[in-house]
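Scroll down for the structure; my scribbles are underneath it.
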């Protein structure tokens, strides 16, 4: 059986790749397209380290088949910063020391951006429940949630 | 004279002594003196961590001892994190 | 030293490696891709205990895309030899057999063959096609079974007790005073028995490595590890190689907590790379991480404490039994050392047993052993405070160790901060806040050592006046930022002008692991010393420029000031000196190496409010405060991060985490869905209070902070549950079914 030829859009640019039918988007992003920022923590959709956006929806890329991205749009951590500027979410994560080992950080940043697109003014509880699908073992989530709420305020144009 | 304080488990190897005073400038000399005095103990403390006046050394062999140093032999201290 | 006014120490600059990490550019253990790379996978035991009769790899070898298949027969035989003593040590034969079974498998998931293939999927399928004939042996799956008189003995030659082969690998005893006598003097005695489950460190990044073998016999290992020099040595011992042939490059590490201070995949990948002549990448699946990497011990702890009516502790008796897993090496020693050591017990006995069972070989987990014995002892102290009707903080203050008190494991404490953390906890608004319905509050104390061990550092100054600091410690929690701060402080340049780098085994001097709460403490000492040597060199350069002696130059805050013969010179900042390094003697480079003792343990007091739903048994931590003595917080945000992260792990251990075993000795929950770690919605903000009682042997007073935070939470949460439900939980985790069963029973 030959490979499938998939044409899609990744981080705003056209992309194409060959893949087997059974390969996950996570695997192809990392081993095929060379975008290593999306991380593998579990391959069962339980940890959120592989979070990406598919047609504007937050998904665990380990549970999406690469072939499913044909004709659709994918956004990964590599597309969050624009040009030479960090996204406010990235900046706030740094300012609040919201990362220690950093392995969950790409997934969390993608998920946070999805949260704030849906709900620009979340309460602490709303933020915690939205991000419950992103495991972090290092921080205990305190500084992450502070960074998220501060980024939300900044993106709303309020003083941080 | 360095003063060694033995744990309850170690006392069996030193004829029941709770403490001993031994003239030694370095831990290596202390060990040699102990092993000479108690042949059954020979080599048994080579891998022990050594607390000298409260500070625990994992590699203590050539650590100097003061005239009134208090010495304990104990398990290595490391960790996870 | 505590009076020193710091300019950069204690500030919160953005970490130097931050941008790479928030953009996904940082490379972790699974991110090293080399041309021509093959993918490795491991075939694992289907039984908890069995002799391997025969392995047939022919079907695997015949598959398209398979380039090599290895079994234990392809690995050198490394003899079992315990190097160390009762309280700690290592057996490289055991590590070798753990990486690849030889004639016996000792836990479900034990590696018994490996495949290298052109894709991971092919390698994994090939592993499934390897046929193994087992002679199944009785599995020893818990401590009671291991200790029963007719138990199957896992290692009959290795462990003999009272003349009989035994599953008890070692026994440790600490004793003092007159125990029996002391208990008769006690007015109140509390005696309980506790059980804790096997739990995993839970790092989100699975183990991963890429290995290249060069035709000249040298290996390069890229791997996620807490210590590259450790990987180099362990791999050399396990494969019978000269360590000089092995270069280990540590990638960024996605969590370790002690679990990445040993090796699993690396020697296997090395042999596959040598056999195929191609680089080989191996990454564990999450399931493999749970089945086959080292968790920490499950345990049983019996505690008996006697006290006077006025609250003075008179006697403490503690019996600890820990699971080592398949090979000797549970943290029985450290569990014993820390069990009673926060308080004065004039009479005490601590007995600790390391017991082998058919479970994965345990590995270090953040303050190994201490949370387990602490859970039991602090729960008993809580019961004592209820019986004596003395406030739990008052009772602890009354008995808390301080400078001059002797620890049960021998030495006398120097300056420590337990008392200060208790006082700050008592004064904290959390402690006196009103509780709501179905809520309870608990407190507990704990500590961990900070290891010394060996570190080296190199600091150099560039012509533009910026600096570089090189150490060998993988950055697991923000340590690069702290190294940069220390160099900045000593030399007197802004933190942003210091670039810290983490070296491999060929680019930096030997350094012991990132772990043991030692990096800011011990490696920091090397960094400070190297920086001070740099300052001396800068003074010498200024002296040359001014034509005076070095004693005529003072260096402060990045500026050279003239004294004596040079008193009339204008102050000369570094950016004026630096371009002149060329003409005044060349580059400015200094190195330092240290091997300090473990000193100045860091104590903590935690407070937890918990709310229990009586219908479902589900509990929610509604407020949590940690108070910890950090000696001197170099970068307070990362100290707070350690306090919060350790507390979260402890909360998970207390409330939800446990390995669940089926009757065949197989883990039933090898994934994050059913191995339930805390998620963002489980926790509140975690309040942190940093106390600073300086560590007498560190130039800034730094104490290690990384491990102490996981020690008190198990008991803190259990004591809160006691307060909320009226039930003393003697078994962890306090998951909803257990809470319901216990509260239904008591009618609470």
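Chains as they are written, first to last, in this note's numbering: chain X, 3 to 162; chain B, 167 to 247; chain Z, 9 to 756.
Think of the CB as a built atom: it goes at the ideal place given N, C-alpha and C, for glycine as much as any other residue.
As the structure is a computational prediction, the values presented were derived from the model and not from experiment.
{"query": "What is the DSSP secondary structure of residue 219 of chain B, counted as helix, strand or coil?", "result": "coil"}
{"query": "Quick one: is residue 162 of chain X buried, meaning 16 or more other Cβ sit within 10 Å of its Cβ, or exposed?", "result": "Since pLDDT at residue 162 of chain X reaches only 46, below the 50 mark, its modelled position is unreliable, and no value is offered."}
{"query": "For residue 422 of chain Z, return the contacting residues in chain B, with the cut-off set at a CB-CB distance below 7 angstroms.", "result": "220"}
{"query": "Along the alpha helix (DSSP H) that carries residue 386 of chain Z, what are the first and last residues, could you check?", "result": "378-396"}
{"query": "For a test of the three-state rule: what should DSSP assign to residue 619 of chain Z, helix, strand or coil?", "result": "strand"}
{"query": "Applying the criterion that 16 or more other CB atoms from any shown protein chain within 10 Å of the CB defines a buried residue, is residue 585 of chain Z buried or exposed?", "result": "buried"}
{"query": "Measure the alpha-carbon distance for residue 741 of chain Z versus residue 664 of chain Z and round it to whole angstroms.", "result": "5 angstroms"}
{"query": "Against chain Z, does residue 139 of chain X count as a neighbour if the rule is that its beta carbon must be under 8 angstroms from one of theirs?", "result": "yes"}
{"query": "Which residue wins for smallest C-alpha separation from residue 155 of chain X, given the options X:135, X:91, X:40, X:103?", "result": "X:91"}
{"query": "In whole angstroms, what separates the C-alpha of residue 246 of chain B from that of residue 342 of chain Z?", "result": "At residue 246 of chain B, the pLDDT of 45 sits below 50, so the modelled position is not reliable; the number obtained from the coordinates is stated separately. Cα to Cα, residue 246 of chain B sits roughly 11 angstroms from residue 342 of chain Z."}
{"query": "Buried or exposed: residue 231 of chain B, going by 16 or more other Cβ atoms within 10 Å of its Cβ?", "result": "buried"}
{"query": "Would you say residue 181 of chain B reaches chain Z, if we count a Cβ-Cβ gap shorter than 8 angstroms as a contact?", "result": "no"}
{"query": "Let me make sure I understand the geometry here. Which of Z:368, Z:580, Z:20 has the alpha-carbon closest to that of residue 113 of chain Z?", "result": "Z:368"}
{"query": "Give the straight-line distance between the Cα atoms of residue 131 of chain X and residue 117 of chain X, rounded to the nearest whole angstrom.", "result": "10 angstroms"}
{"query": "Distance cutoff 8 angstroms, beta carbons only. Does residue 51 of chain X sit that close to anything in chain Z?", "result": "yes"}
{"query": "Identify whether residue 103 of chain X lies in helix, strand or coil by the three-state DSSP scheme.", "result": "coil"}
{"query": "In chain B, which residues lie with their C-beta within 8 angstroms of the C-beta of residue 564 of chain Z?", "result": "Those within 8 angstroms of residue 564 of chain Z in chain B number zero; the least Cβ separation is about 31 angstroms."}
{"query": "Assess contact between the segment 276-293 of chain Z and the segment 205-220 of chain Z, defined as three or more Cβ pairs (one per stretch) separated by less than 8 angstroms. Is contact present?", "result": "yes"}
{"query": "On the CB-based measure, 16 or more other CB atoms within 10 Å of its CB, does residue 647 of chain Z come out buried or exposed?", "result": "buried"}
{"query": "Does any CB atom of chain B fall closer than 8 angstroms to the CB of residue 437 of chain Z?", "result": "no"}
{"query": "Would you say residue 557 of chain Z faces chain X, with C-beta separation under 8 angstroms as the test?", "result": "no"}
{"query": "Contact check, residue 42 of chain Z vs residue 287 of chain Z under 8 angstroms by CB: the rounded distance?", "result": "4 angstroms"}
{"query": "Using CA coordinates, which residue listed in X:148, X:39, X:128 is at the minimum distance from residue 97 of chain X?", "result": "X:148"}
{"query": "For residue 83 of chain X, would you say it is in contact with chain Z, using Cβ-to-Cβ distances shorter than 8 angstroms as the test?", "result": "yes"}
{"query": "Where in the segment 43-83 of chain X do unbroken runs of the beta strand (DSSP E), each at least 3 residues long, occur, reported from the N-terminal end onward?", "result": "53-56, 59-62, 75-77"}
{"query": "Taking Cβ positions only, does residue 213 of chain Z come closer than 8 angstroms to chain X?", "result": "yes"}
{"query": "If you compare alpha carbons, which of Z:141, Z:166, Z:172 is closest to residue 156 of chain Z?", "result": "Z:172"}
{"query": "Using the DSSP secondary-structure output, state which residues sit across from residue 156 of chain X in a beta bridge.", "result": "Residue 156 of chain X pairs with nothing; no bridge assigned."}
{"query": "Taking buried to mean at least 16 other C-beta atoms within 10 Å of its own C-beta, is residue 366 of chain Z buried or exposed?", "result": "buried"}
{"query": "By DSSP, does residue 94 of chain X sit in helix, in strand, or in coil?", "result": "helix"}
{"query": "Is it buried or exposed, residue 31 of chain Z, if we count other Cβ atoms within 10 angstroms and call 16 or more buried?", "result": "buried"}
{"query": "Would a C-beta distance cut-off of 8 angstroms place residue 700 of chain Z and residue 639 of chain Z closer than the cut-off?", "result": "yes"}
{"query": "Just checking my contact of residue 637 of chain Z with residue 425 of chain Z at CB under 8 angstroms: how many whole Å lie between their CB atoms?", "result": "3 angstroms"}
{"query": "Can you pull the chain X residues whose beta carbon is under 7 angstroms from the beta carbon of residue 39 of chain Z, in chain order?", "result": "38"}
{"query": "In three-state DSSP terms, what is residue 714 of chain Z?", "result": "coil"}
{"query": "Closer than 8 angstroms by beta-carbon distance: list the chain Z residues that pair up with residue 209 of chain B, in chain order.", "result": "None at all; the shortest Cβ gap to chain Z is about 10 angstroms."}
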